[in-house]
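Following: one structure in structure tokens, then a few remarks.
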Amino acid sequence: MSNEVSNELENQIISNIDDLKSQPEGESIIKLSDRESIHYDGRHYDLIYDNFYPFSNLAKIDIPFWTDMVSQYGEPVLELCCGTGRIAFPLAAKGLQVTGIDISDSMLGEARKKSDRVEWIKADVRDFDLGKQFSLIIFSLNSIYHLLRIEDLESCFNCVKKHLKPDGKFIIDMLNYYTKPTIEAMWSPLPTLYSVYPDPDGRGTMVVTVVNELDVSAQIANSKLFFRLIEHQKEFVEETKLRLYHPNEMGNLLKYNGFTIETKLGGYDKAAFTSGSPNYIAICKLGQ
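When we follow this note's numbering, the leftmost residue of the sequence shown carries the number 975, and every step to the right adds one.
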């Protein structure tokens, strides 16, 4: 794409966002039902995060980290909430034994197109029984935040314990939302640009903007994602909720559910975790 076209597209996007800021929700905005999703449509999902506006390398930045974790802790590997195979696929491409589970048919459909070396399984991370154990079980970037209730989290932990080898490792990676810049961003009531990508059905350019709402008492972030084909006026809005576990809270929940955190990292450079770290990565083992 030439700079001239890029600038023209950027101006159109800015215009779209300005329109959204001044426009109340009405006939031009269609709210998707709980049974509908654009964000978790596998065809859209990869395009969204391959073209993620705040951080263009988001979809690939952690792959070397996970590759190194497997080299340290061994295989087979189980990825929880594997989605479209963003991590499982490159690991399997290196000849590693990988199983990925996800509850979404759409996401797994795209994953299966990428590789037949991964064992793709439709399963709920709160209740699964694969009949085998793994040297490494991973919860990659923010996937654990989809477990909105403590009961859901503990059910998942019970499944992990059944599937983890006695000397195996369980690794959780989540963004540290409890830094000042992130909290300020989560409180912003204005729409911001999230992604721009070619519509998989060939209808033009899709522009995604986001408005975040934060329920502090429940630690729930509700993101409203607005999808608009740049050539059209109508927008589709989809709400996604994440439970923002505090790092200390997660540490305590792991301990009370039978895990010991051996190492806490603050990012993919493996620096030690601090309160200002961008990530909270807990490397755990079974037992106290």
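From the three backbone atoms N, C-alpha and C, an ideal C-beta is built for every residue, glycine too.
Computed from a predicted structure; not experimentally measured.
What are the boundary residues of the beta strand (DSSP E) that residue i is part of?
i        : result
Phe-1029 : Counting along the chain, Phe-1029 falls outside any beta strand (DSSP E), and DSSP gives it neither H nor E.
Tyr-915  : This structure does not reach residue 915, given that the chain is present from 975 up to 1262, and the question cannot be answered.
Phe-1174 : The question names Phe, but residue 1174 in the sequence shown is Pro. Careful: Pro-1174 lies outside any beta strand (DSSP E) and carries neither H nor E.
Val-1072 : 1072–1076
Ser-1109 : 1108–1113
Phe-1233 : 1233–1239
Phe-1063 : That residue, Phe-1063, is in no beta strand (DSSP E); its alpha helix (DSSP H) goes 1062–1067.
From residue i to residue j, what distance separates their C-alpha atoms?
i        : j        : result
Ser-1251 : Tyr-1168 : 22 angstroms
His-1120 : Ala-1192 : 14 angstroms
Ser-996  : Phe-1029 : Model confidence at Ser-996 stands at a pLDDT of 48, short of 50, so the residue's coordinates are unreliable; what they give is reported in the following sentence. Between Ser-996 and Phe-1029, the C-alpha separation is close to 26 angstroms.
Cys-1258 : Phe-1144 : 5 angstroms
Thr-1234 : Asp-1141 : 12 angstroms
Leu-1218 : Asp-1103 : 27 angstroms
Asn-1031 : Tyr-1151 : 19 angstroms
Lys-1087 : Tyr-1019 : 14 angstroms
Asp-1090 : Asn-1116 : 25 angstroms
Leu-1070 : Asp-1024 : 24 angstroms
Thr-1248 : Asp-1147 : 14 angstroms
Gln-1107 : Ala-1246 : 29 angstroms
Ser-1129 : Arg-1202 : 37 angstroms
Met-1081 : Ile-1118 : 17 angstroms
Val-1072 : Val-1134 : 15 angstroms
The alpha helix (DSSP H) that contains residue i, what's its start and end?
i        : result
Glu-1128 : 1124–1137
Glu-1049 : No alpha helix (DSSP H) holds Glu-1049; DSSP gives it neither H nor E.
Phe-1200 : Premise fails: Phe-1200 lies in the beta strand (DSSP E), 1194–1203, not in any alpha helix (DSSP H).
Ile-1022 : 1016–1024
Let me check understanding here. Comparing Cα to Cα, which of the options lies closest to residue i?
i        : options                                : result
Leu-1054 : Ala-1256, Leu-1110, Val-1211           : Leu-1110
Asp-1042 : Ile-1157, Lys-1244, Asp-1024, Thr-1179 : Lys-1244
Asp-1076 : Asp-1101, Asp-1090, Lys-1068, Pro-1064 : Asp-1101
Glu-1084 : Gly-1048, Tyr-1014, Phe-1131           : Tyr-1014
Asp-1126 : Thr-1237, Leu-1216, Lys-1238, Ser-1011 : Leu-1216
Ser-1045 : Ile-1035, Leu-1065, Gly-1057           : Leu-1065
Glu-1158 : Glu-1010, Gly-1178, Asn-1186, Ile-1037 : Asn-1186
Tyr-1027 : Val-1170, Asp-1175, Leu-1188, Glu-1236 : Val-1170
So, are the CB atoms of residue i and residue j less than 8 angstroms apart?
i        : j        : result
Val-1184 : Ile-1204 : no
Ala-1256 : Gly-1225 : yes
Val-1092 : Ala-1062 : yes
Lys-1208 : Ile-1004 : yes
Phe-1200 : Ile-1012 : no
Asn-1196 : Glu-1213 : yes
Ile-1022 : Tyr-1242 : no
Tyr-1254 : Lys-1238 : yes
Of all the CB atoms in chain B, is at least one closer than 8 angstroms to the CB of residue i?
i        : result
Cys-1055 : No chain B is part of this structure, which consists of one protein chain only.
Taking one C-beta from the segment 1100–1114 and one from the segment 1053–1069 each time, how about it: are there three or more such pairs within less than 8 angstroms?
yes
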